[in-house]
Amino acid sequence: LVKECARRFDVVLMAQGEVEEKKIVFGTAEQREEAITALKANKWVGDWFLDDEIERLYRERLFYSDVVADYEALVQQKDLVLGYRLHGNLMALSNGVPSIYFTYDSRTVEFAETYQIPSYDVFSTKPFKLEEYWDQGLFDKFNRAWFMTYREMKAFLDENGVANKMADVGHKPVPVPARAAAAARKVA
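Using this note's numbering, you'd call the opening residue of the sequence shown number 14 and step up by one each time.
Below, the structure is given as structure tokens:
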């Protein structure tokens, strides 16, 4: 899937902070080569997905930062975020960027179901087709679920006398700013 998306879109791989990933992004030429060698030596990584095409993406399109704001700035530049990581996808959604979760455990399934976030079960036998998930109607469901949950949380905090900075949104959904269409789709 990563390779297919990279062939079709301007893809960025968001690293999760593994030592080898940090070396690839920030290291010297020698450290980068050591990191690639270490990844290839890891049987699970080397046998499963680190072929020449993925290695090239790691060398050219891998992003990592210790600063949350850097991830926020990155996702704000994208049209869509696909991923397994709860927080990476949530960062996109909180910035008005559509996100599709790849669910793999009860935590991610429950989160996606609660907020009606488009998601794909990686253990499913159904092939993943991006076009089936990148449908505005699916994100409209998320927008409604988010609004309802936000409103319920605000009411709960207020009813229980808990000070908060949540805005009183009443009964009208908060509009999401329109995003300008880009010439090339960008996916993280």
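Where is the CB? At the ideal position from N, CA and C, for every residue including glycine.
Host alpha helix (DSSP H) of residue 150 (start-end): 149-172
Hey, would you say residue 84 sits closer than 8 angstroms to residue 104, going by beta carbons? yes
Does residue 37 come out as helix, strand or coil in the three-state DSSP assignment? helix
4 or more residues per run - each alpha helix (DSSP H) lying fully within the segment 42-97: 42-54, 56-61, 65-74 and 81-89
For residue 148, which residues in the same chain have their Cβ closer than 8 angstroms to its Cβ, ignoring the five residues on either side in sequence? 131
Terminal residues of the continuous beta strand (DSSP E) containing residue 137? Careful: residue 137 lies outside any beta strand (DSSP E) and carries neither H nor E.
Looking at residue 158: is its Cβ nearer than 8 angstroms to the Cβ of residue 128? yes
Leaving out five residues before and five after residue 19 in sequence, what residues of the same chain have Cβ atoms less than 8 angstroms from its Cβ? 66, 70 and 74
Return the first residue and the last residue of the alpha helix (DSSP H) that residue 114 is part of. Where residue 114 is concerned, there is no enclosing alpha helix (DSSP H), although the beta strand (DSSP E) it sits in stretches over 112-116.
Start and end residues, alpha helix (DSSP H) containing residue 104: 99-107
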